[in-house]
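Residues -18 to 183 (this note's numbering) are what the sequence shown spells out, left to right. Ideal placement from N, C-alpha and C gives every residue a C-beta, glycine not left out. Remember, predicted model here, so these are calculated numbers, not experimental data.
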Amino acid sequence: MISIPTWGDQRNIKVGLLGGSFNPVHSGHLQLARRAFTILQLDQVWLMVSPGNPLKTGKEMASFSERFQGVQKCVDGRHIIATDIESRLYTRYSYDTLKKLYQRFPNCKFVWLMGADGLSQMVFWSRWQKILRLVPIAIFPRPPYIYKALNGKAAQWARSYRLPSQKASVLASYKPPAWVFVPSPENKISATALRAQGRSGL
């Protein structure tokens, strides 16, 4: 069993990073994490609960502790792990988080995981082009964003670095920029809809 890395861990392991507000965590998040673990042949997937998403504000945001505990209850803690690492790193933007993670875990092979909705909105992220140059990225289906995402500004900027889906299992070994679209069952559950309905998506 692979234990959770500690600061300065020198092991060469493949780790998928799935960041988000998880407000609340739902089956779509967990399905993506599990498929990434299997298809990308990762050692671990970290669900990084954001202390505060710069692109999301409002009264509907649950407290960090509520969101983090919600994720903790849904993962096995061995292969799929809930982490408050962004809170401990004092980072708010994905680029800053990635830079510090590479410093802390110099031998880890990280892969950034996100749904197609994330790719479609990536041009609004701080230093999004630098993120694409910093870490391999795996994109998973999320209706109705697939067409918009794959034809959007970020995907077009990085089109020459897109790998065939068959290369997903070795994506972690590629030097960025490198990204792949991973065909998989589409999960239409959204955290926004769940909050509006006042129910869980698990």
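Gly0 (DSSP reduced to helix, strand or coil): strand
Bridge-paired residues (DSSP) for Gly96: Phe121
Start-to-end residues for the beta strand (DSSP E) that takes in Val234: The question about residue 234 has no answer, for the chain in this structure spans -18 to 183.
Ala43 in three-state terms, based on DSSP: coil
Buried versus exposed call for Ala172 [16 or more other C-beta atoms within 10 Å across all chains shown]: Any reading at Ala172 needs caution, since the residue's pLDDT is 45, under 50, leaving its predicted position unreliable; the model's value is listed next. Result: buried.
7 Å Cβ cutoff met for Val30 and Arg16: no
Cβ-Cβ distance between Ser97 and Ile62 below 7 Å: Just to set this straight, residue 97 is Ala in the shown sequence, not Ser. Result no, Cβ atoms of Ala97 and Ile62 do not sit closer than 7 Å.
Sub-7 Å separation of Leu28 and Val52 beta-carbons: yes
Asn34 and Ser2 closer than 7 Å at C-beta: yes
Where the beta strand (DSSP E) containing Trp138 begins and where it ends: No beta strand (DSSP E) contains Trp138, which is instead part of the alpha helix (DSSP H) from 134 to 138.
Residue environment, Asn(-7), which counts as buried when at least 16 other CB atoms sit within 10 Å: exposed
Continuous beta strand (DSSP E) assignments of at least 3 residues falling wholly in the region 20 to 83: 25 to 30, 61 to 64
Cut-off 7 Å between Cβ atoms - residues of its own chain near Ala139, not counting five sequence neighbours on either side: Leu113, Pro158, Trp160
Proximity to Pro164 [Cα-Cα], best of Ser44, Ile120, Val116: Ile120
Cα-Cα separation, Phe45 to Asp77: 19 Å
Nearest candidate by alpha-carbon position, reference Lys90, set Pro145, Lys148, Ile118: Ile118
N- and C-terminal bounds of the alpha helix (DSSP H) containing Leu115: 109 to 115
Beta-carbon gap between Leu21 and Ala149 smaller than 7 Å: yes
Between the CA atoms of Leu144 and Gln137 - distance to the nearest angstrom: 13 Å
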